[in-house]
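*Asks:* The following block contains the structure, expressed as structure tokens.
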Amino acid sequence: MKSATSERPQAEPRPVHPTPRVILGIERNRNTPPEVHAHRAVSVTRSFRETEGLPLALRRARMLARILDEHPIVIQEGELIVGLKALTPRGSPVYPEINCSWLERDLDRLATRKDTPFRVSDATKRILRREVFPYWKGRQIVDRIEEAVPEEIRRADERGVIYNYFRSRSIGHIQAGYEKVLRLGMRGILSEVDAALSRLDPKAPDFLHRRSFLESVALVCEAVIRFAARHAAAARRIARETPDPRRRAELERIAAILERVPEHPARGFAEALQSFWIAHLVLNLETPGHAFGPGRFDQYLYPYYRWSLDRREITADEAQELIDCLWVKFDEITLAKDSGESQTSSSYPDFQNLNIGGLTRNGRDAVNELSYVCLNALEHTRLPQPGLSAQIASLTSPKFLYRCCEVLRLGTGMPAMFNADVLALGMVNRGKTLEDARASSLNGCVAGFCDGKDRMASSGYFNLAKALELALNDGLDRLTGERLGPSTGDPRVFSSFEDVLSAFRRQVEHFVNLKVRYDDLVRTIYAEHCPVPFTSALIEDCIATATDWHAGGSHYKIATISGVAVGTVADSLAAIRTHVFERRSLSLERLLEALDRNWEGCEDLRLVLVNKTPRYGNDDEAADQLAAAVQEIFCAAVERHTDCQGGRYWVDLLPTTSHIALGELTGATPDGRRAGAWLSEGVSPVQGHDRRGPTAAMRSVAKLDHARTNGTLLNIKISPSSVQNDRDLHKLAALIRGYFSQGGHHVQFNIVDRAILLEAMEHPERHRHLLIRVAGYSDYFTLLSRDIQLEILSRAEHGL
Amino acid sequence: MDPGETGLLFDIRGFSLHDGPGIRTTVFFKGCPLRCLWCCNPESQRARPETLWIAERCIGCNRCLEVCPAGAVSAAADGSRRIDAARCEGCGRCALACPGEALQVFGRRVSVEEALAEAARDALYAEHSGGGLTLSGGEPLAQPEFALDLLRRYRIEEKGAHTAIETSGEADWEILEALLPWVDLFLYDLKHVDPAAHRRLTGRGNERILENVRRLAAAGAEVVIRIPLVDGINDDPPTIAAAADFISSLRAVRRIDLLPYHRLGEPKYRRLGRRYALEGKPACPPPRVEEVRAFLAGRGFAVRIGG
């Protein structure tokens, strides 16, 4: 019995090294400074000027068609998979139709700002200022939102209680049906559109509306075919000018592939990957949506991989090289974001969450050779993108988990580890069929999703610590004194801990109501003003019901709100309960006065609260039950709502990097935290206060109800010295198994020496390649802002 | 079984990775018959509670002075605290009152039930990793009834989980013999093979220690020999060769863990108000560790560094 369930060492197929062309691509990405390009914005603006008066769906389709028809085609040295989102790798197009006010404001500062700077050439600035910005004043989505948002909601947003991130980017969170593109091709989708058109009832009142939607889908499918053909033509042209016969043959092959896909179904691995990439690019060019995820990549691509290998069309090494090349392509994708936005999710990487492993639709082990090929690709490229997520079910083989741990040890923070069983359980609870639940994936950071059928869309953050602040200040902002929330009673006269909880509950309920109103308003504006025909083409039921994805056309729909600072609130409540109501060694009045003074002159008290309070993350029931209570209060407040498109509301508990920005807007908290300091992130314990090791932290965190959320995020930092040898890797695997068997949803590891991080802050030039797990993504440590670097350092490091 | 059996412990830690296979819970016994010069856990040596003062955390609030019922805490002119070990009863009131956690009490009486409940917390992680429970110290054999009870009850409650004991072997054979059926792995220290040198370095001779490990090996116990490698003290070639000869003579024992000397224990001596015999001595240099490892590996042992 002793080692019956332990992870035994397995001989692994030794991955080959990255080939020269892959290394070339990695270097190209690293050495090309991110830059903003204007061509998309110009196409969009000219198209919109010319189509005034047409139905909006058709205008948007013509817009996308024009973007694709005018998109500059770039084929880079050594590439096997082609297509760039902008003129240069890690270049960003501009999406003026959503929000270009921020860009107009920041245009001259963009190259020098603290977080994620972008170059902008003078020519780009000129054309944006002359042609683009003036047209979109009053027409951008963000203007329409600003106009419609009531004062009360605006203030809650500005003061950091709630945050809606559809202002600078569109709703996104899309795990499109790439499988459908590979299987049917654009021609197949066009047939689907024809069939749907023939089913429309001409007498129905919305007939014209639905017809123009379907026509818009057809229009973009044709445009995508032309887009691929232009790439093919470019490849043929470059081939003719290429003296090297081997490269010439490659270019000819690239051209042949693009002459076939994505117009037609893919045959074999190379066609499938190129077809996938074109679809991915076009989605990225249609909207600046949050998080376009490849989803269950190793599942829908495996048949093509197998087909090519079985026919000896390619070797395993060639297949590996193709995947490595695709990893380089993923890493080229970025987006210039509003400075405010880049604080709450500060990164160049753009949340392309690629899943491997997990369960099949009928509940078997889904791991296949391609799952390993993807792990090898991460090992070869060590790039921050795509975000690699490994789904581990209780039936997943030790071999696969062990290989994941081996790759984790490289210190890139990837793959992020997910519990496939809990994911499926939660998905069933959120209304998916059992089969769809097993086939689901993670999108963005850690959010559950059903590939090609869903609209999940977390709409932004909810600052639970700010809600507690308001509960302890009768609804007034402690930092500014202004009224934000309802009056929930003078806290100095609270006579029991239940009074505190009940004021907190009322503040949470109030702001959840506001947040839902906010979301509905934003959703309605997107539905009315931003049809997305290509996205709709790839999401089940949109064509069949002739309903745009932004208007709620997807097969499944849920809405989620991301709760931030569970740990900070749990520890704060524990401090109040312990010192005010149990030991009676502190009056609420004195505590509130200390909070008002931001602990000035109250260091004794602050230390007592920090050190003499049961704290979440140490398997201490006194604190952990309060974390569970916070979740319960938040879930209960959220789950009663349904959005304007019939999507039920659920909670997720992930912060991206908002715990830093929202922390700046939050006053001192009873756990001893100072005003403006970070909040706790995800479901992790307050930074540095999980003192009893990772198993204790995991046990605490597992006491939350993860299946009830659409995703939770846990960071664990492990010292590299504790995973030096193979036996240690088995222990890491066991740590993951243990957490998952207790019901945890997700865990990610940073396995980097503290000394190295400190040195990297001092000498960034020596550590340009150092990757680190930030929130639901990895990024180069030296490119992070100092705040985030410090935050990562402060997370407790485990290991003996 | 005596329901009132308690042990004097100074820590119980989950997620122990280097005290036997898998993820383990390690129970640290307080009290040790030896006084090794290099000991990095001086708080484990005395068989009674002790209070430590950590200067860096003290905010000078004087609460410790107010709450100590024995009058054991005093403040010097420079603000530093002194704890009179003779007076301190280890009641822990000062630590409880100290806002900055500058005072820590090491050593508290723990019942078998309490220790088992702690170990049960990591049971799932132990199961997935083939881990279990390790008794360490201090010297677990110095509290034989508690050690035996704990191991026996653990085996019954966590069926199939692995048990280990880290020991100096300085105890009567009957104690080890009684533990034999309940211990899967003995992590057995070999500090020096020469009795006189052993006495000089640890305060006691090693006759009983060597005899006990011979009997353990003969009884078929799984034994790993752990050698604390203190350069300049027990790492000279003849000493290492003699150690290798001795371990070879045990026949069944094939594994050696080398524990290179480090100085992480140094600040604790200061905090306990005690003098450290090896003050200022740098950590054992890695090349030296490698030489010894290679030598022992050449003698046919499976050698790990750091256990």
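For the protein sequence lines, the chains are B and L, in the order given. The working numbering numbers the first residue of the first sequence as 1 and each following residue consecutively. The working numbering numbers the first residue of the second sequence as 801 and each following residue consecutively. Where is the CB? At the ideal position from N, CA and C, for every residue including glycine.
Using alpha carbons as the reference points, say which of H745(B), L783(B), V774(B) lies closest to E762(B).
*Replies:* L783(B)
*Asks:* Using DSSP bridges, identify the partner residues of Q904(L).
*Replies:* Looking at the DSSP assignment, Q904(L) forms a beta bridge with L852(L).
*Asks:* In or out: S308(B) buried (at least 16 other Cβ within 10 Å) or exposed?
*Replies:* buried
*Asks:* Can you look up I333(B) in the DSSP assignment and give me helix, strand or coil?
*Replies:* coil
*Asks:* For E321(B), which residues in the same chain have their Cβ closer than 6 angstroms to its Cβ, ignoring the five residues on either side in sequence?
*Replies:* Same-chain partners within the cutoff: T19.
*Asks:* So if DSSP puts P1028(L) in a beta bridge, which residue, or which two residues, is it bridged to?
*Replies:* L1059(L)
*Asks:* Look up K717(B) in the DSSP assignment and say whether it is helix, strand or coil.
*Replies:* strand
*Asks:* For A457(B), which residues in chain L fall below 8 angstroms Cβ to Cβ?
*Replies:* Under the 8 angstroms cutoff, chain L gives no residues; its nearest Cβ is about 35 angstroms from A457(B).
*Asks:* Along the chain, where does the beta strand (DSSP E) containing V566(B) start, and where does it finish?
*Replies:* It is not in any beta strand (DSSP E) - V566(B) instead sits in the alpha helix (DSSP H) that spans 566-575.
*Asks:* Measure the beta-carbon distance from N710(B) to M456(B) and round it to whole angstroms, keeping in mind my assumption that it falls under 8 angstroms.
*Replies:* Separation of the CB atoms of N710(B) and M456(B) is rounded to 7 angstroms, and the pair is thereby assigned contact status at 8 angstroms.
*Asks:* Helix, strand or coil, according to DSSP, for R8(B) in the structure here?
*Replies:* In this prediction, R8(B) has a pLDDT of 40, which is less than 50 and means its spatial position is unreliable; what the coordinates show is noted afterwards. Coil, per DSSP.
*Asks:* With a threshold of 6 angstroms on Cβ separation, who are the neighbours of F906(L) within its own chain once the five nearest residues in sequence on each side are excluded?
*Replies:* F810, E843, E850
*Asks:* If you compare alpha carbons, which of P262(B), L283(B), L285(B), S585(B) is closest to A274(B)?
*Replies:* Strictly speaking, residue 274(B) in this sequence is Gln, with Ala absent from that position. When each option's Cα is compared against that of Q274(B), the closest is P262(B).
*Asks:* Return yes when the Cβ of E805(L) is within less than 8 angstroms of the Cβ of D972(L), no when it is not.
*Replies:* no
*Asks:* Using the DSSP secondary-structure output, state which residues sit across from M417(B) in a beta bridge.
*Replies:* A390(B), V747(B)
*Asks:* Would S572(B) pass as an interface residue toward chain L - the criterion being a Cβ-Cβ separation below 8 angstroms?
*Replies:* no
*Asks:* With respect to the alpha helix (DSSP H) encompassing R1070(L), which residues constitute its N-terminal and C-terminal limits?
*Replies:* 1066-1071
*Asks:* Return no unless some Cβ of chain B is closer than 8 angstroms to the Cβ of S1071(L).
*Replies:* Note that residue 1071(L) is Arg in the sequence shown, not Ser. For R1071(L), the answer is no, since every Cβ of chain B falls outside 8 angstroms of its Cβ.
*Asks:* Starting from E966(L), trace the beta strand (DSSP E) both ways and give me its first and last residue.
*Replies:* 962-967
*Asks:* L609(B) and A575(B) - do their beta-carbons sit closer together than 8 angstroms?
*Replies:* Yes, Cβ-Cβ distance for A575(B) and L609(B) is below 8 angstroms.
*Asks:* Sorted by chain position, which residues of the same chain lie with C-beta nearer than 7 angstroms to I877(B)'s C-beta, five sequence neighbours on each side aside?
*Replies:* Examination of residue 877(B) is not possible in this model, given that chain B is present from 1 through 800 alone.
*Asks:* Cβ atoms of I171(B) and F462(B): under 8 angstroms apart, would you say?
*Replies:* no
*Asks:* Relative to the alpha-carbon of E856(L), which residue among T1039(L), E1090(L), G900(L) has its alpha-carbon at the smallest distance?
*Replies:* Shortest Cα-Cα distance from E856(L) to any of T1039(L), E1090(L), G900(L) involves G900(L).
*Asks:* Using a Cβ cut-off of 8 angstroms (strictly closer), state whether E901(L) contacts chain B.
*Replies:* At a cut-off of 8 angstroms between beta-carbon atoms, E901(L) makes contact with chain B.
*Asks:* Kindly list the residues whose CB is nearer than 8 angstroms to the CB of S741(B), restricted to its own chain and excluding five residues on each side of it in sequence; keep chain order.
*Replies:* S394
*Asks:* In the segment 804-837 of chain L, which residues sit with their C-beta less than 8 angstroms from some C-beta in chain B, listed in chain order?
*Replies:* R813, G814, F815, S816, L817, H818, P821, G822, I823
*Asks:* Please report whether the beta-carbon of M801(L) lies at a distance below 8 angstroms from any beta-carbon of chain B.
*Replies:* In this predicted model, M801(L) has a pLDDT of only 44, less than 50, meaning its place in the structure is not dependable enough to derive any value.
*Asks:* For the segment 733-760 of chain B, which residues have a CB atom closer than 9 angstroms to at least one CB atom of chain L, in sequence order?
*Replies:* A733, A734, L735, I736, R737, G738, Y739, S741, Q742
*Asks:* I'd like the list of long-range same chain contacts for G814(L), defined as Cβ closer than 7 angstroms, with 5 residues on each side in sequence excluded.
*Replies:* T825, R921, D922
*Asks:* Along the segment 907-938 of chain L, what residues have a CB closer than 7 angstroms to any CB found in chain B?
*Replies:* R921, D922, L924, Y925, E927, H928, S929, G930
*Asks:* Who are F35(B)'s beta bridge partners in DSSP?
*Replies:* Note on identity: in this sequence residue 35(B) is Glu, with Phe being the wrong assignment. G91(B), R119(B).
*Asks:* For L592(B) versus E332(B), is the C-beta distance shorter than 8 angstroms?
*Replies:* no
*Asks:* Residues of chain B with CB closer than 7 angstroms to the CB of C861(L), please, in chain order.
*Replies:* D604
*Asks:* Which of the three DSSP states is assigned to G25(B) in this structure?
*Replies:* helix
*Asks:* Going along the chain, which residues of its own chain have a beta-carbon closer than 8 angstroms to the beta-carbon of L283(B), five neighbours each way excluded?
*Replies:* I174, A176, G289, F292, F534, T535, L538
*Asks:* Let me see if you follow: with CB-CB separation under 8 angstroms, is R1063(L) close to chain B or not?
*Replies:* no
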